[in-house]
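Novice: Under this note's numbering, the first residue of the sequence shown carries the number 15, and numbering increases by one thereafter.
Glycine included, C-beta positions come from ideal geometry on N, C-alpha and C.
Pasting a structure below so you can have a look.
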Amino acid sequence: MYPYVVVTPCNMKPGVEYTVSMHLEPVDNMRYKYIDGVWHAMVCSDAVVDETRMRYQHPSTPALGEHLNNKPLIFKAAKLTHVRSTKKELMLVRSMHKYMAVIKVTEIIPPTQTSQDETITAEFTLAETAFIAVTAYASEKVSK
């Protein structure tokens, strides 16, 4: 995925373990077409392929808060595909649909402190990352 999504966590509690992940969320349920230099929403079409295949956990997490605080996390290994795969770095998208990145920060609370496994989660939608997934080019000029 290029350009890479870069986030810098802050106010993370020292001694607490966190995971940071990114998933793609459909912006709408429209299929887009590029006509005369402009993107046009054409028809309604489900953009969600498989939610479990649209997530990518940053490889340096889980990690303690003191290791994450004020240090950039670059999601450069996250890759997009329109083909189903078992590779964990591949996020499945539908061609000609619009998506945006959402960063999810999960605080891991040890089971010894609660009656069950619990987590505290915060999500940050990055509207500036909106993009249309293109998996093939129809233009002969581009594909040559």
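1. Could you please give the first and the last residue of the uninterrupted beta strand (DSSP E) stretch that includes H111?
2. Assuming L87 contacts M105 (C-beta within less than 8 Å), just tell me the rounded distance between them.
3. Let's test the definition: count the other Cβ atoms within 10 Å of the Cβ of R98 and tell me whether it reaches 16, buried, or not, exposed.
4. How far does the alpha helix (DSSP H) with H81 in it extend, from its first residue to its last?
5. Are I146 and M110 closer than 8 Å when you measure CB to CB?
6. Given that a residue counts as buried once 16 or more other Cβ atoms are within 10 Å of its Cβ, and exposed if not, what is H37?
Specialist: Reading from the atomic positions:
1. H111 to I123
2. With a Cβ gap of about 16 Å, L87 and M105 do not count as contacting.
3. exposed
4. G79 to L82
5. yes
6. buried
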